[in-house]
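Numbering (this note's numbering), first residue to last: 1 to 232. See structure below.
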């Protein structure tokens, strides 16, 4: 009798083990969607690099709320300083002298402990010139910008300042055929005649989606300043 009972208990234990072993593991709850904004700005004249990053979580970008991470965020491997903006948004910031890189890297560790990174890249404008140093309201102007070829999603702003410090802009959008631009007279007409200073701002906006993260990235490159004569 005791032997039968022992066999019965062993069989029961095996059956229970098989029952629990065959059960499918519970599906882990999907993490809340994460949204982020990344920004890089480089000033060529000052050789100054600035970056910031902000994070939000929620079922949609409209319903998302500001998000912070225990280990913060980093830019190019350097810790970023957290700052709380009006409205409660937490912005991680970085600003210091530096050089322009082929690729800029933001990194952070999410709530699951995974190391995440977002890369931002855009070709810089090494130098630029206006043919003859003049922009004509009657015939336009010719611009050459080394590194100024625009890809889709990129743009370039020409910022003029006259002797009275009045500003005017001309916008170029990508994609472009190359680094040479012919600016029509219709766009030059609004500029003030006489001596002007000119610098360029090359910009790029892009979106990235990967593993529950939707990121919006912006990068801006501000060139040195040159002098241009605007003629009638």
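Even for Gly, the Cβ is constructed at its ideal location relative to N, Cα and C. Computed from a prediction, not measured in an experiment: that's the story for all the values here.
Can you name the start and end residues of the alpha helix (DSSP H) that residue i belongs to?
i           : result
residue 149 : Here residue 149 belongs to no alpha helix (DSSP H), and DSSP marks it neither H nor E.
Short check: CB of residue i to CB of residue j, under 8 Å?
i           : j           : result
residue 120 : residue 69  : no
residue 197 : residue 128 : no
residue 64  : residue 56  : yes
residue 96  : residue 49  : yes
residue 231 : residue 192 : no
residue 174 : residue 205 : no
residue 53  : residue 106 : yes
residue 93  : residue 83  : yes
residue 112 : residue 31  : yes
residue 229 : residue 166 : no
residue 136 : residue 74  : no
residue 98  : residue 66  : no
residue 188 : residue 140 : yes
residue 142 : residue 131 : yes
residue 51  : residue 213 : no
residue 154 : residue 209 : no
residue 221 : residue 86  : no
residue 72  : residue 33  : no
residue 168 : residue 190 : yes
Following the continuous beta strand (DSSP E) through residue i, name the residue where it begins and the one where it ends.
i           : result
residue 204 : 194-210
residue 190 : Per DSSP, residue 190 belongs to no beta strand (DSSP E) and is neither H nor E.
residue 50  : 48-57
residue 85  : Careful: residue 85 lies outside any beta strand (DSSP E) and carries neither H nor E.
residue 135 : 134-136
residue 221 : 213-222
residue 181 : 180-183
residue 163 : First-last for residue 163: undefined, no H or E at that position.
residue 65  : 65-67
Go ahead and pull the three-state DSSP assignment for residue i.
i           : result
residue 74  : strand
residue 32  : coil
residue 131 : helix
residue 157 : strand
residue 98  : coil
residue 225 : coil
residue 170 : strand
residue 142 : strand
residue 79  : strand
residue 231 : strand
residue 93  : strand
Please determine if the segment 208-217 and the segment 174-189 are in contact, where contact requires at least 3 C-beta pairs separated by less than 8 Å.
-> no
Those runs of the alpha helix (DSSP H) which lie wholly inside the segment 105-129 and span at least 4 residues = none
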